[in-house]
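Report on one structure; see the data block that follows.
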Amino acid sequence: MSESVLTSVWASVMVFSDMDGTLLDHHSYDYSAAQAALDRLAALNIPLILNTSKTRPEVLAWQKRLGLHTAFIVENGAAAYLPKTLISADELAEYSAANKGIAIADAEDFWQVAMSAPRAQIIDACHALRERGNYQFEGFSDFSVAQLCDITGLAPIDAEQAMAREFSEPICWQDTDARWQEFETEIAKRGLHALKGGRFTHIMGATDKGVAMLKLAALLCPEQSTITIALGDSHNDVAMLKAASYAVVIRSPSHPPPAVSDPQGEVMLSEEFGPAGWSSCMQYLLDKLESDSNIQN
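Going by the numbering used here, the sequence shown opens with residue 1, and the numbers climb by one from there.
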């Protein structure tokens with residue numbers, strides 16, 4: 001295959017990855033087992049876009065550790081951040097005008113593309129419902145840094161970054177299942193929805209990791225068909241996995257793999273846990289894309 005043909009193939013590929021338990025080890029947060037695949041993506045100029053429940057400060061710290069200079073998605077699809085070197089203000093304004101439900105803002109070296117209501121609005125709605133209906137739950141807005149450290153085991157600086165949420169409110173539900181159904185119905189009336197994670201339930205606007213992935217892919221590659229590779233290990237990754245051209249479900253040592261029903265593309269399950277499975281599957285898919293392009297050309 002000619003170098004120009006192969007280059008055009010890689011130019012259409014975008015990788016979207018969850019972090020904890022997927023790219024990062026579930027227990028140690030180590031990613032060294034994925035380094036070979038990370039290096040290959042970098043050599044091919046294929047963007048690795050972190051799509052995570054983490055906050056902007058948390059992801060910025062990880063972008064630095066991983067040597068990434070790409071866009072990223074935070075808070076389970078609530079917002080994306082695009083380097084200003086990647087897209088112009090005029091291009092963003094044109095996109096915003098054609099797509100209702102998003103808001104563009106300046107965020108230092110990035111453009112912020114918000115797809116959810118501001119956190120203050122979400123907190124107000126949750127607290128009003130709690131007061132009116134006497135629902136039993138606590139959210140991040142109720143915790144001190146020390147309390148969150150006790151609950152999660154995070155170091156204080158990491159807890160501070162986790163609390164720096166802009167578009168969602170994680171809560172610990174302490175009421176009955178029946179009352180949860182009532183609460184979920186009430187927040188839906190206010191344009192919000194709940195996404196259950198491993199430890200917390202995230203209250204956010206009408207978006208998810210899959211919606212954010214598709215919007216970001218369309219924004220960055222408006223004139224060509226994009227091949228999206230998505231990798232994740234848990235329930236909050238399912239929307240992203242369902243929407244991808246190639247979905248990789250990463251095995252977890254702590255829970256069964258999530259079911260991906262009615263996928264848009266191919267789905268594969270890693271044999272190994274965490275970053276080791278991430279690396280093996282990524283290498284396999286890159287080999288497959290190269291081989292398929294060679295056959296077609």
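Backbone N, C-alpha and C fix where the C-beta goes; we use that ideal spot for every residue, glycine too.
Quick caveat: nothing in here was measured; it's all calculated off a predicted structure.
- Taking the CA atoms as reference points, Arg-56 sits about 13 angstroms from Met-19.
- In the displayed model, Ala-107 falls within a strand according to three-state DSSP.
- The alpha-carbon separation between Ser-252 and Tyr-284 amounts to approximately 19 angstroms.
- Following the DSSP letters along the chain, one finds Tyr-95 inside the alpha helix (DSSP H) bounded by residues 89–98.
- Segment contact: the segment 109–121 against the segment 71–89, three or more CB-CB distances shorter than 8 angstroms; contact assigned.
- Sixteen is the threshold: when 16 or more other Cβ atoms of the shown chains lie within 10 Å of the Cβ of His-26, as they do, the residue is buried.
- The beta carbons of Val-9 and Leu-41 sit no closer together than 9 angstroms.
- Apart from the 5 residues on each side of it in sequence, Leu-219 sits with its Cβ closer than 6 angstroms to the Cβ of Tyr-95 in its chain, given in chain order.
- In the three-state DSSP reduction, Ala-243 falls in the helix class (H, G or I).
- Relative to Phe-167, the option among Met-213, Ala-103, Ala-146 and Asp-177 whose CA is nearest is Ala-103.
- The alpha-carbon separation between Leu-44 and Pro-256 amounts to approximately 33 angstroms.
- Ranked by how close their Cα comes to the Cα of Lys-64, the residues Val-238, Glu-75 and Leu-50 have Leu-50 in first place.
- In this structure, Ala-239 and Thr-228 do not form a Cβ contact; the two beta carbons are roughly 13 angstroms apart against a cut-off of 8 angstroms.
- Thr-85 carries a coil assignment under DSSP once its states are collapsed to helix, strand and coil.
- For Arg-179, the closest C-alpha among the options Gly-210, Met-282, Asn-134 and Leu-195 is that of Asn-134.
- Annotation: Lys-209 is outside any beta strand (DSSP E); the continuous alpha helix (DSSP H) that includes it extends over 209–220.
- DSSP places Gly-205 in the strand class (E or B) of the three-state scheme.
- Straight-line measurement puts the Cα of Asp-175 at about 47 angstroms from the Cα of Asp-39.
- DSSP places Lys-288 in the helix class (H, G or I) of the three-state scheme.
- By the neighbour-count definition (other C-beta atoms within 10 Å, threshold 16), Asn-236 is a buried residue.
- Between Leu-241 and Val-211, the beta carbon gap of about 13 angstroms keeps them out of contact (Cβ cut-off 8 angstroms).
- The beta carbon of Glu-272 sits closer than 7 angstroms to the beta carbons of Arg-251 and Ser-280 from its chain, once the five residues preceding and following it are set aside; these are given in chain order.
- Relative to Gly-191, the option among Lys-54, Glu-91, Ala-117 and Ala-230 whose CA is nearest is Ala-117.
- For Pro-170, the enclosing beta strand (DSSP E) stretches over residues 168–173.
- Under DSSP, Phe-137 shares a beta bridge with Trp-173.
- Of the candidates Gln-161, Leu-269, Pro-263 and Thr-226, the residue whose Cα lies closest to the Cα of Trp-62 is Gln-161.
- Rounded to whole angstroms, the separation of the alpha carbons of Ile-171 and Pro-222 is 37 angstroms.
- Contact check for Thr-207 against Gly-67 fails: the beta carbons are separated by 9 angstroms or more.
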